[in-house]
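Using numbering that gives the first Met the number 0, the letters of the sequence shown correspond one by one to residues 0 to 39.
Idealized CB from N, CA, C, for every residue including glycine.
These numbers come from a predicted model, not from an experiment.
Taking it in order: structure first as structure tokens, then the write-up.
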Amino acid sequence: MCGCCGRDLPRTTVHELGGTSEVYVCRRCALWMAARIGRR
Ligand SMILES: [Zn+2]
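Pasting the structure below:
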């Protein structure tokens, strides 16, 4: 399940966030979060 949008996704399509264990987000959310964090 994506920890961002809450969608139920298979483990193969989600990515674990670096430094944030047990938090998985889908690729789209990962990119969105990365961009959001990178902008600051
Ligand atoms: Zn998501």
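Along the chain, where does the beta strand (DSSP E) containing residue i start, and where does it finish?
i	result
Cys25	23-25
Let me make sure I understand the geometry here. Which of the options has the alpha-carbon closest to that of residue i?
i	options	result
Thr11	Cys4, Cys3, Gly5, Arg26	Arg26
Going by the CB atoms, is the gap between residue j and residue i shorter than 8 Å?
i	j	result
Gly5	Tyr23	no
For ligand 1, enumerate in chain order all residues having a CB closer than 7 Å to any of its heavy atoms. Cys1, Cys3, Cys4, Arg6, Val24, Cys25, Arg27, Cys28
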